[in-house]
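Numbering (the working numbering), first residue to last: 9 to 299. Beta carbons: idealized from backbone N, C-alpha and C, even for Gly. Since the model is a prediction, treat every value here as computed from it, not as a measurement.
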Amino acid sequence: MRERHIALVVEDDRETAEDLVEILRSIDCDSVVVGNAEEAEKTLQNESFCLILLDLQIKSTPDAIKGHVEHGKRVLRTIRKRHGDHNGNSFSLPVLIVSGFAREVDSAVDVMKSGASDVIHKPLESGQVSERIRQALRNSGRPAHDACNALARPQRMNLEDGIVLAIPGNRVGRRTRVTISGQPVNLTDASLRVLLHLLVALRNGTFANKVDLGANAEQGFKGISILRNELKPALGDSDIIKNHYHGNYGFIDGVRMGEGNLDKLSQIGDRAISALATQLWGQSLTIDQKV
9 MRERHIALVV
19 EDDRETAEDL
29 VEILRSIDCD
39 SVVVGNAEEA
49 EKTLQNESFC
59 LILLDLQIKS
69 TPDAIKGHVE
79 HGKRVLRTIR
89 KRHGDHNGNS
99 FSLPVLIVSG
109 FAREVDSAVD
119 VMKSGASDVI
129 HKPLESGQVS
139 ERIRQALRNS
149 GRPAHDACNA
159 LARPQRMNLE
169 DGIVLAIPGN
179 RVGRRTRVTI
189 SGQPVNLTDA
199 SLRVLLHLLV
209 ALRNGTFANK
219 VDLGANAEQG
229 FKGISILRNE
239 LKPALGDSDI
249 IKNHYHGNYG
259 FIDGVRMGEG
269 NLDKLSQIGD
279 RAISALATQL
289 WGQSLTIDQK
299 V
């Protein structure tokens with residue numbers, strides 16, 4: 009289990025991004041850096057973070073020529089649509105805007121109304137930035153990282169924008185980390201096999217039969233119920249698995265397959281998991297495919 013905070017840094021200026029990474033490291037925070045709106049939204053679907061540092065004027069895609077404030081604002085709206093829970097004092101997921109444009113009063117007011125936790129002005133002053141980050145974490149109820157794991161999940165995940173299932177493959181004890189639109193859960197090997205069977209069926213446009221999932225034809229099948237229970241920390245009361253009767257199961261509409269790490273999944277040492285992961289990601293270690 010991670011013991012340090014981890015921040016997503018959305019910044020397309022390399023020097024500024026490096027400065028932010030160093031400031032975060034000085035206060036015992038790890039970081040992931042992306043440089044445009046497309047990469048930010050994709051990363052947020054597949055990973056979870058303790059805080060976000062967001063430059064307003066960023067590019068829309070990696071090959072875009074010029075950044076624009078609207079792209080940063082779009083990322084902020086996306087974050088708050090998915091992480092809008094509030095503890096009465098602050099948003100539970102703090103987003104600090106880092107931008108020279110934030111010196112303009114109208115822009116600063118606008119982003120605060122859109123869900124920013126604070127605004128940090130460029131050029132960066134290390135002491136000021138680190139204190140703003142600490143304050144934002146305290147306000148959000150995350151003074152130490154163990155509080156991040158203890159924060160209550162929403163009772164029901166918003167399914168309107170679709171669900172992205174990613175399997176980065178990191179092991180937590182004897183379980184494997186899976187993320188559901190950025191929310192992490194740790195699955196037993198048995199439940200991971202069921203999930204991979206469902207993903208193979210999703211990719212092929214078919215259903216997964218209980219016999220393929222590990223049950224005898226004459227038996228009822230508890231594997232789906234166990235998987236549903238293990239997914240609850242991320243999904244709450246939501247259910248993304250549909251029973252199509254006659255022992256056939258699949259995902260509800262809107263579920264997409266996100267990234268998966270074939271190498272890490274193969275290292276688990278389970279032949280069935282390795283075979284299923286190879287079917288899904290045999291041509292590449294990662295895939296982002298809508299099926």
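- In the three-state scheme derived from DSSP, where H, G and I count as helix and E and B as strand, C58 is classed as coil.
- Taking all protein chains in view, the Cβ of G80 is crowded by 16 or more other Cβ atoms within 10 Å, so the residue is classified as buried.
- In the structure shown, the three-state DSSP call for L195 is strand.
- Proximity to R33 across M120, R142 and R82 peaks at R142, based on C-alpha coordinates.
- Under the rule that a run must span 3 or more residues, the beta strand (DSSP E) segments found entirely inside the segment 193 to 267 read 249 to 251 and 256 to 259.
- Under the DSSP assignment, D38 falls in the beta strand (DSSP E) whose first and last residues are C37 to V42.
- Secondary structure of R150 (DSSP, three-state): coil.
- Taking all protein chains shown into account, N237 has fewer than 16 neighbouring C-beta atoms within 10 Å of its C-beta and is therefore exposed.
- Burial check for V219: the Cβ neighbour count within 10 Å stays below 16, so the residue is exposed.
- D27: member of the alpha helix (DSSP H) spanning R22 to S34, first to last residue.
- Between S138 and I35, the C-beta spacing is below 7 Å.
- Linking S233 to G266 through their CA atoms gives a straight-line distance of about 23 Å.
- For H13, the uninterrupted beta strand (DSSP E) run begins and ends at H13 to V18, by DSSP.
- Taking the Cα positions, D93 is about 14 Å away from Q191.
- For R88, the enclosing alpha helix (DSSP H) stretches over residues V77 to R90.
- Out of V40, D38 and A72, the CA that lies nearest to the CA of E46 is found in A72.
- Excluding five sequence positions before and after L204, the CB atoms of its chain that fall closer than 6 Å to its own CB belong to L284, given in chain order.
- For K121, the secondary structure class from DSSP, reduced to helix, strand or coil, is helix.
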